[in-house]
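Okay, structure first, notes after.
Protein chains: 2
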Amino acid sequence: MDELNFEGYTCPVPIRPTDTVLLGHGSGGTLSRDLLNRLFLPELGRAAPRLLDDSAVVAIGDQRFAITTDSHVVSPLFFPGGDIGRLAICGTVNDLAMVGAQPVALTCGFVIEEGLSFELLQRVVASMKAAAQEAGVYIAAGDTKVVQKGGADQLFINTSGIGTIPDGIDISGARAHAGDVIIVSGTLGDHGIAVLSAREGLGFETKLESDVAPLNDLVQAMIGAGGIHVLRDPTRGGLATSLVEISEQSNVTIEIAEQVLPVKPAVKAACEMLGFDPLYIANEGKLVAFVKESAADRVLDVMKKTKYGEQAVVIGRVIGSGKSPAKQSCGQVRLKTAIGGTRLVDMLPGEMLPRIC
Amino acid sequence: MDELNFEGYTCPVPIRPTDTVLLGHGSGGTLSRDLLNRLFLPELGRAAPRLLDDSAVVAIGDQRFAITTDSHVVSPLFFPGGDIGRLAICGTVNDLAMVGAQPVALTCGFVIEEGLSFELLQRVVASMKAAAQEAGVYIAAGDTKVVQKGGADQLFINTSGIGTIPDGIDISGARAHAGDVIIVSGTLGDHGIAVLSAREGLGFETKLESDVAPLNDLVQAMIGAGGIHVLRDPTRGGLATSLVEISEQSNVTIEIAEQVLPVKPAVKAACEMLGFDPLYIANEGKLVAFVKESAADRVLDVMKKTKYGEQAVVIGRVIGSGKSPAKQSCGQVRLKTAIGGTRLVDMLPGEMLPRIC
Chain A
1 MDELNFEGYT CPVPIRPTDT VLLGHGSGGT LSRDLLNRLF LPELGRAAPR
51 LLDDSAVVAI GDQRFAITTD SHVVSPLFFP GGDIGRLAIC GTVNDLAMVG
101 AQPVALTCGF VIEEGLSFEL LQRVVASMKA AAQEAGVYIA AGDTKVVQKG
151 GADQLFINTS GIGTIPDGID ISGARAHAGD VIIVSGTLGD HGIAVLSARE
201 GLGFETKLES DVAPLNDLVQ AMIGAGGIHV LRDPTRGGLA TSLVEISEQS
251 NVTIEIAEQV LPVKPAVKAA CEMLGFDPLY IANEGKLVAF VKESAADRVL
301 DVMKKTKYGE QAVVIGRVIG SGKSPAKQSC GQVRLKTAIG GTRLVDMLPG
351 EMLPRIC
Chain B
1 MDELNFEGYT CPVPIRPTDT VLLGHGSGGT LSRDLLNRLF LPELGRAAPR
51 LLDDSAVVAI GDQRFAITTD SHVVSPLFFP GGDIGRLAIC GTVNDLAMVG
101 AQPVALTCGF VIEEGLSFEL LQRVVASMKA AAQEAGVYIA AGDTKVVQKG
151 GADQLFINTS GIGTIPDGID ISGARAHAGD VIIVSGTLGD HGIAVLSARE
201 GLGFETKLES DVAPLNDLVQ AMIGAGGIHV LRDPTRGGLA TSLVEISEQS
251 NVTIEIAEQV LPVKPAVKAA CEMLGFDPLY IANEGKLVAF VKESAADRVL
301 DVMKKTKYGE QAVVIGRVIG SGKSPAKQSC GQVRLKTAIG GTRLVDMLPG
351 EMLPRIC
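Chain order of the listed sequences is A and B.
Residue numbering for the first sequence is 1 to 357, as defined by this note's numbering.
Residue numbering for the second sequence is 1 to 357, as defined by this note's numbering.
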């Protein structure tokens, strides 16, 4: 299928400009990108080459630091397998890990709706503590704001973080090379479907649990094995959006195989029932890695020995590089379907599951 | 009045424990402290000695860093003299500056209510850009979440920041000494009253403007003059709360003179009309400094030559140290009133002006 001609293709879901912010602008997909390109980058942007990585990289003296921020607005606050507190810690720890950084300190900013019960807040904070201990990070600074009843939906938590990047580590979405092997660390879509089932009270028969977990130990083990070019945690927008971003950053063509994508039967069933594609569902304890071909077996072995990488599997490859920039937004990620066809994979166009993280 | 006996005093406004979070828990005063002591510190606390400073101080290798976070929920988003964007940048720049740090990078996390107009968001972001340029900082990383209509009140912005603390700088609320001269950089209460007037449409005849401004240049100039022991920006809870915090951290007794407190006539009039005390009103472009006696004149001279320190004035002194910890929460800050009496100054007990920052 490599000789497929994409010349005539256009993006399948053109986004109309709007005058107001839509839910989809927070999706992590195309509308989020639109907001970034229309507003935030022209006004506030700098450090363009690494723009789309999970953390910014800042040099202070001889030391490189990773810096990242995430606001968490997940609803409901508690869901099978996790809660907003664990999510807030893991989300930021993982963003730091995805550029190879070792987390140093986190900050937490709480926005609380008046009337929230202390008991609930206590459970969230205890969960943050447990997650921070698991990840080996600490919270250096915090802030609390309270808004009147109805001014916010229960509780939002911003977590920012800083980590140090050891010398010699250079991991970025811009570093994918032709020939790289693409590995995911485990099953796809668990988090999004778990939150959705808790929110809508869907009551699936099988137990669906979020995968929310800190991946910094997994990443350290992988770095020890060598050959890591790209790491990303496919949160909002799912694996598909992460792969499209990487293909654009590195200007490469990616091919993945549908048959080998790891999806739990319960998640698959829920997706079929609800009309979702697991490729676009958020994960909070998974990563996708682009690894030098010669190191791939070694990295996979190491991953399988860790708690959060046991089910790691190769899902595809970088099959070429150097597509013209004009065609970057469509057609650089291809999915070999189970029946032998090829499907183009684009970013999540709008919003599928709002307030998933 | 120094021989006044405080033995029999109890706190004037005992705070009853509640089962739910109140607006006052976000006030920066006693209820905020209660939340910190009951929940956040036991679970997440570390680095106790500097606990109450505006930034945490973290050492990485030989370099000390200041780290801070603030969520901004001010209502309305635009007010005379500023807006949530300028506030978000200046608040974090100032927190870094208050431990003598030079800001390196900020992060911004937006929580946006679905339906917010792009035009409004654009104005906020443009204001952030202008404030960041004025302060000489840049925004290294950002995040955007969108919640459904009614899930948040228009727009919240978290700003976290990191700065480097040069060798030899040791500025903390724990460093006040007997004899220190206390200086404020300008008039008190401008921000809180400006936001309130905009929110309530009070239509005062005189123009009231927020003082929201980045103070890092002012602080650098002061540090150059030497002898700076303590810096703090009296935001939520006002100057009174800052002074009580410092008196507790350093275990000292402070005396300030009501007659010399700089308050604009319009702010004074508004406070009299509304029953507020300017000592408890938030400022966003002011600092209070505790300076070694021998350096005080020099520091004051330097401050008066800067844009945001022109109206700097000495307001009092540290008159003693070493009160027993049991009595710390009451009676360590005294106000010499205009008619010659002495009033005890306590922290803001509950909430006077919600969503002021």
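Every residue gets a Cβ at the ideal spot worked out from N, C-alpha and C, and that includes glycine.
### Query
T144 of chain A touches chain E at which residues, Cβ-Cβ below 7 Å?
Absent here is chain E; the protein component of the structure consists of chains A and B.
### Query
Looking at chain A, which residues of the stretch 116-129 of chain B have a Cβ within less than 8 Å of any of its Cβ atoms?
Under the 8 Å Cβ criterion, the stretch 116-129 of chain B contributes L116, S117, F118, E119, L121, Q122, V125, A126, M128 and K129.
#### Entry: Spatial distance of P49 of chain A from V230 of chain A (CA atoms)
At P49 of chain A, the pLDDT of 41 sits below 50, so the modelled position is not reliable; the number obtained from the coordinates is stated separately. CA-CA distance, P49 of chain A to V230 of chain A, rounds to 14 Å.
### Task
Round the Cβ separation of I256 of chain B and I193 of chain B to the nearest angstrom and send it over; I've been treating them as touching at under 8 Å.
Contact between I256 of chain B and I193 of chain B does not hold, since the beta-carbon distance rounds to 20 Å and is not under 8 Å.
### Inside the stretch 174-248 of chain B only - beta strand (DSSP E) runs reaching at least 3 residues
Segments of the beta strand (DSSP E) lying fully in the stretch 174-248 of chain B: 181-184 and 228-232.
### Short CB-CB distance (under 9 Å) between H191 of chain B and chain A
Not an interface residue.
### Message
Starting from A360 of chain B, trace the alpha helix (DSSP H) in both directions and tell me its first and last residue.
### Response
The structure shown has nothing for residue 360 of chain B, since chain B only spans 1 to 357.
### Query
Since S294 of chain B contacts G227 of chain B with CB under 8 Å, what's their CB separation in whole angstroms?
With a Cβ gap of about 7 Å, S294 of chain B and G227 of chain B count as contacting.
#### Entry: Delimiting residues of the alpha helix (DSSP H) encompassing P42 of chain A
Run containing P42 of chain A: L41 to L44, per the alpha helix (DSSP H) assignment.
#### Entry: Contact list for S55 of chain B against chain A, beta-carbon separation under 7 Å
Within chain A, the residues near S55 of chain B are A141.
### Query
Name the chain A residues that come within less than 8 Å of R69 of chain B, Cβ to Cβ?
Looking at the sequence provided, one finds Thr at residue 69 of chain B rather than Arg. Going along chain A in sequence order, the residues near T69 of chain B (Cβ under 8 Å) are T107, C108, G109, A141, G142, D143, N158 and S160.
### Query
Does the beta-carbon distance from G238 of chain B to Y280 of chain B come in below 9 Å?
A Cβ-Cβ contact shorter than 9 Å links G238 of chain B with Y280 of chain B.
### Short CB-CB distance (under 9 Å) between D167 of chain A and chain B
Cβ-Cβ to chain B under 9 Å: no for D167 of chain A.
### Task
Give a yes or no on whether 9 Å exceeds the smallest Cβ distance from A48 of chain A to chain B.
With a pLDDT of only 44 at A48 of chain A, under the threshold of 50, the placement of this residue in the model should not be trusted; the figure read from the coordinates follows. With 9 Å as the cut-off, A48 of chain A does not count as an interface residue toward chain B.
### Message
Can you list, in chain order, the residues of its chain with a C-beta nearer than 8 Å to that of V267 of chain B? Leave out the 5 residues immediately preceding and following it.
### Response
Excluding residues within five positions, the ones whose Cβ falls inside 8 Å are T187, L188, G189, D190, I193, L208, P278 and I281.
### Task
Check P103 of chain B in the structure and name its three-state DSSP category.
Looking at P103 of chain B - three-state DSSP - the assignment turns out to be strand.
### Rounded separation between E272 of chain B and E43 of chain B - CA only
Whole-angstrom Cα-Cα distance: 41 Å.
### Query
In terms of residue numbering, what span does the alpha helix (DSSP H) encompassing K307 of chain A cover?
Per DSSP, K307 of chain A belongs to no alpha helix (DSSP H) and is neither H nor E.
### Query
Listed in chain order, which residues of the stretch 199-226 of chain B have Cβ atoms closer than 8 Å to some Cβ of chain A?
From the stretch 199-226 of chain B, no residue has a Cβ closer than 8 Å to chain A.
### Query
What is the C-beta distance between A97 of chain B and I162 of chain B, in whole angstroms, given that I count them as a contact (C-beta under 8 Å)?
Between I162 of chain B and A97 of chain B the Cβ distance is about 13 Å, and since that is not below 8 Å, they are no contact.
### Message
Residues in the same chain with beta-carbon distance under 6 Å from A326 of chain B, minus the five sequence neighbours each way, listed in chain order, please.
### Response
With a pLDDT of 48 at A326 of chain B, under the threshold of 50, the modelled position of that residue is not reliable, and the figure given next carries that caveat. Result list for A326 of chain B: empty, nothing under 6 Å.
### Task
Note the first and the last residue of the continuous beta strand (DSSP E) segment covering D70 of chain A.
Start and end: Q63 to H72.
#### Entry: Bridge partners - F118 of chain B, DSSP secondary structure assignment
Its beta-bridge partners do not exist; DSSP assigns none.
### Query
Would you say A132 of chain B faces chain A, with C-beta separation under 9 Å as the test?
Chain A, which has a Cβ nearer than 9 Å to the Cβ of A132 of chain B, makes this yes.
### Cβ pair count under 8 Å reaching 3, the stretch 24-38 of chain B against the stretch 54-61 of chain A
Touching, no.
#### Entry: Beta-carbon neighbours of P354 of chain B, restricted to chain A and to distances below 8 Å
For P354 of chain B, the chain A residues whose Cβ falls inside 8 Å of its Cβ are V146, V147 and Q148, in order along the chain.
### Query
Out of B:V291, B:L344, B:F204 and B:K307, which has the shortest C-alpha to C-alpha gap to R175 of chain B?
R175 of chain B has its Cα closest to that of B:V291, out of B:V291, B:L344, B:F204 and B:K307.
### Query
Apart from the five residues on each side of it in sequence, which residues of its chain come closer than 8 Å, Cβ to Cβ, to A140 of chain A?
If we look at A140 of chain A and ignore the five residues flanking it on each side, its Cβ neighbours are A105, L106 and T107.
### Message
Any beta carbon from chain A within less than 9 Å of I246 of chain B's own beta carbon?
### Response
Against chain A, the CB of I246 of chain B has no partner CB under 9 Å away; the residue lies outside that interface.
### Task
Out of B:A130, B:V99, B:A240 and B:M352, point me to the one whose CA is closest to Q332 of chain B's CA.
Nearest of B:A130, B:V99, B:A240 and B:M352 to Q332 of chain B, Cα basis: B:A240.
### Query
Can you tell which of B:I339, B:L353, B:C90 and B:A198 has its C-alpha closest to the C-alpha of S160 of chain B?
For the residues B:I339, B:L353, B:C90 and B:A198, the minimum Cα distance to S160 of chain B belongs to B:C90.
### Query
For G320 of chain A, which beta-bridge partners are listed by DSSP?
BP columns for G320 of chain A point to A:T253.
### Query
Over what stretch of residues does the alpha helix (DSSP H) that includes D143 of chain B continue unbroken?
Careful: D143 of chain B lies outside any alpha helix (DSSP H), inside the beta strand (DSSP E) at I139 to V147.
### Message
Counting C-beta neighbours from all protein chains within 10 Å, is the total for A135 of chain A 16 or more, i.e. buried, or is it exposed?
### Response
The residue is buried, with at least 16 neighbouring Cβ atoms inside 10 Å.
#### Entry: Span of the alpha helix (DSSP H) around T30 of chain B
Note, T30 of chain B: alpha helix (DSSP H), T30 to L35.
#### Entry: Rounded C-alpha distance that separates V363 of chain A from F204 of chain A
Because chain A spans 1 through 357 in this model, residue 363 of chain A falls outside it and cannot be assessed.
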